[in-house]
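Comments concern the structure below.
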Amino acid sequence: MSPRVSLRQWNRTLLERQHLIERVDEDAVEVIDRCVGLQSQNPQAAFFALESRIRDFDPTELDDLLTEREVVRMALHRGTVFLMDALDARWMRPALQPVLDIGVRSHARELTDVTVDEVSTAAVELLADGPLAAADLRQGLARRWPGEPAAAMVAVARMRLPLVQTPPRGLWRRSGAPSYVLLDEWIGDGPVGVAGDEAIRDLIRMFLRGFGPSTVAAVQTWSGLRGLRPIVEAMEADWELAKLTGPAGETLYDLEGLALADPESSVPVRFVGPFDNAVFADIDRIRIADADVYRQTVTPNGLSPGFILIDGRLAGTWRLDGSDMTLTELTDLSQRVRQECEREAARLREFAAR
Numbered sequence: 066m067s068p069r070v071s072l073r074q075w076n077r078t079l080l081e082r083q084h085l086i087e088r089v090d091e092d093a094v095e096v097i098d099r100c101v102g103l104q105s106q107n108p109q110a111a112f113f114a115l116e117s118r119i120r121d122f123d124p125t126e127l128d129d130l131l132t133e134r135e136v137v138r139m140a141l142h143r144g145t146v147f148l149m150d151a152l153d154a155r156w157m158r159p160a161l162q163p164v165l166d167i168g169v170r171s172h173a174r175e176l177t178d179v180t181v182d183e184v185s186t187a188a189v190e191l192l193a194d195g196p197l198a199a200a201d202l203r204q205g206l207a208r209r210w211p212g213e214p215a216a217a218m219v220a221v222a223r224m225r226l227p228l229v230q231t232p233p234r235g236l237w238r239r240s241g242a243p244s245y246v247l248l249d250e251w252i253g254d255g256p257v258g259v260a261g262d263e264a265i266r267d268l269i270r271m272f273l274r275g276f277g278p279s280t281v282a283a284v285q286t287w288s289g290l291r292g293l294r295p296i297v298e299a300m301e302a303d304w305e306l307a308k309l310t311g312p313a314g315e316t317l318y319d320l321e322g323l324a325l326a327d328p329e330s331s332v333p334v335r336f337v338g339p340f341d342n343a344v345f346a347d348i349d350r351i352r353i354a355d356a357d358v359y360r361q362t363v364t365p366n367g368l369s370p371g372f373i374l375i376d377g378r379l380a381g382t383w384r385l386d387g388s389d390m391t392l393t394e395l396t397d398l399s400q401r402v403r404q405e406c407e408r409e410a411a412r413l414r415e416f417a418a419r
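When the sequence shown is numbered by my numbering, its final residue is 419 and no position is left out of the sequence of numbers.
Structure (structure tokens):
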């Protein structure tokens, strides 16, 4: 019979692996690897994700990684923009291409007299001289096919080709429209270290190291890939993965030999960033948030607030507008906890002003 994991131990294990119980003295790129990338369609979100995990995090460290091309921002998991170790992006992008192809097919339906291959070839030609502003890519494609919807052609190119969003977009307290460049043009040619089913296995290993133990559905929701159960079950048969039972009878998988956290570990108040995947993209969300509490964070425009964790569970949100921070309670908090939240909010405001 599979060992049973309590809800509290499941919660503490996620928080421990995500460095949300205690901040760590690690380089930003190591934490990015542990999180298997950081969601980054909000270009500033990754900085807050790192601040919640790294002791005395300096935002210039991530700026340097971006400008030195050690990490990149590009469409990956679920077709959304992620901040990723550049070398991992080289193999991960092809592994996730089936997810991106769903977006390609969706936007291709808007095209009438041009094919996906023609749009992709034209985009590569337009990008031949290096980074190109999104507006210029759009105009270039529109000139080739003036009767086609330019936005759909850009979307096809972004989903079909490994396009990196280049700095200054994504730098600390910087803004601006995206510019694109092909991944190999940005970081240099190199071998794809792993491919095919082994790349999917690596993706599963990395996910479980950072987010396990988890259901197969959670791996699929996080990545956007489907049909992973046979691969996960084969990994268990090969003794790579252990099978556990969750608090409600869920079948969970974890890396064999990886320890679970002490369920009695104390957890400080944590403010995690917008779109943080510890909360945002987790179908196993019950381990960190009650469904009715999480629903209160969902907005019609799909934008994510920052999340407040109390005793390791979602209890509120935060939003920053310049130097003004708004805290919203989603559960009943004691006066002592409110004071802890105010101290953490002051810390975050100080960080945001750097």
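Where is the CB? At the ideal position from N, CA and C, for every residue including glycine.
Between the Cα of residue i and the Cα atoms of the options, which residue gives the shortest distance?
{"i": "residue 320", "options": "196, 77 and 307", "result": "307"}
{"i": "residue 227", "options": "175, 156, 262 and 266", "result": "156"}
{"i": "residue 142", "options": "190, 265 and 208", "result": "265"}
{"i": "residue 153", "options": "269, 163, 170 and 101", "result": "101"}
{"i": "residue 164", "options": "286, 232 and 393", "result": "286"}
{"i": "residue 192", "options": "205, 377 and 317", "result": "205"}
{"i": "residue 281", "options": "349, 332, 241 and 220", "result": "349"}
{"i": "residue 407", "options": "393, 82 and 273", "result": "393"}
{"i": "residue 81", "options": "99, 67, 69 and 92", "result": "99"}
{"i": "residue 384", "options": "96, 109, 66 and 83", "result": "109"}
{"i": "residue 128", "options": "273, 111 and 147", "result": "111"}
{"i": "residue 391", "options": "381, 402, 398 and 363", "result": "381"}
{"i": "residue 268", "options": "328, 113 and 284", "result": "284"}
{"i": "residue 404", "options": "351, 375 and 122", "result": "375"}
{"i": "residue 250", "options": "104, 189 and 123", "result": "189"}
{"i": "residue 396", "options": "358, 97 and 377", "result": "358"}
{"i": "residue 418", "options": "379, 329, 387 and 289", "result": "387"}
{"i": "residue 238", "options": "171, 123, 401 and 245", "result": "123"}
{"i": "residue 196", "options": "162, 243 and 389", "result": "243"}
{"i": "residue 416", "options": "113, 273 and 194", "result": "113"}
{"i": "residue 411", "options": "389, 401, 377 and 273", "result": "389"}
{"i": "residue 292", "options": "363, 187 and 262", "result": "262"}
{"i": "residue 234", "options": "413, 414, 103 and 198", "result": "198"}
{"i": "residue 331", "options": "413, 76, 302 and 272", "result": "76"}
{"i": "residue 144", "options": "171, 125 and 130", "result": "171"}
Give the DSSP-derived three-state secondary structure of residue i in the structure shown.
{"i": "residue 390", "result": "strand"}
{"i": "residue 351", "result": "helix"}
{"i": "residue 373", "result": "strand"}
{"i": "residue 379", "result": "strand"}
{"i": "residue 89", "result": "strand"}
{"i": "residue 69", "result": "strand"}
{"i": "residue 384", "result": "strand"}
{"i": "residue 413", "result": "helix"}
{"i": "residue 79", "result": "helix"}
{"i": "residue 395", "result": "coil"}
{"i": "residue 368", "result": "coil"}
Assign residue i to buried or exposed, taking buried as 16 or more other Cβ atoms, counted over all protein chains shown, within 10 Å of its Cβ.
{"i": "residue 218", "result": "buried"}
{"i": "residue 366", "result": "exposed"}
{"i": "residue 341", "result": "buried"}
{"i": "residue 304", "result": "exposed"}
{"i": "residue 200", "result": "exposed"}
{"i": "residue 368", "result": "exposed"}
{"i": "residue 180", "result": "exposed"}
{"i": "residue 140", "result": "buried"}
{"i": "residue 356", "result": "exposed"}
{"i": "residue 347", "result": "buried"}
{"i": "residue 257", "result": "exposed"}
{"i": "residue 224", "result": "buried"}
{"i": "residue 288", "result": "buried"}
{"i": "residue 158", "result": "buried"}
{"i": "residue 363", "result": "exposed"}
{"i": "residue 187", "result": "buried"}
Less than 6 Å between C-beta atoms, sequence neighbours within five positions excluded: which residues of the same chain meet that for residue i?
{"i": "residue 409", "result": "334 and 336"}
{"i": "residue 120", "result": "88 and 90"}
{"i": "residue 315", "result": "280"}
{"i": "residue 207", "result": "215"}
{"i": "residue 105", "result": "111, 138, 146, 147 and 148"}
Ignore the nearest five residues each way along the sequence and tell me which others in residue i's own chain have a CB closer than 7 Å to its CB.
{"i": "residue 117", "result": "85, 335, 336, 337 and 338"}
{"i": "residue 135", "result": "94 and 151"}
{"i": "residue 6", "result": "Examination of residue 6 is not possible in this model, given that the chain is present from 66 through 419 alone."}
{"i": "residue 343", "result": "79, 83, 85, 337 and 353"}
{"i": "residue 74", "result": "325, 326 and 328"}
Sorted by chain position, which residues of the same chain lie with C-beta nearer than 8 Å to residue i's C-beta, five sequence neighbours on each side aside?
{"i": "residue 178", "result": "210, 212 and 213"}
{"i": "residue 132", "result": "232 and 236"}
{"i": "residue 297", "result": "269, 281, 284, 306 and 318"}
{"i": "residue 247", "result": "189, 192, 226, 227, 228 and 229"}
{"i": "residue 294", "result": "281"}
- Output the residue ranges of the beta strand (DSSP E) runs that lie fully inside the region 105–184 and measure 3 residues or longer, sorted by chain position. 136–140 and 146–150
- Item | alpha helix (DSSP H) runs contained entirely in the region 274–336, provided each spans 4 or more residues | 281–288 and 294–302
- Query: What are the complete alpha helix (DSSP H) segments, minimum 4 residues, inside the region 187–247?
  - Reply: As far as the region 187–247 is concerned, its whole alpha helix (DSSP H) runs of at least 4 residues are 199–209 and 215–225.
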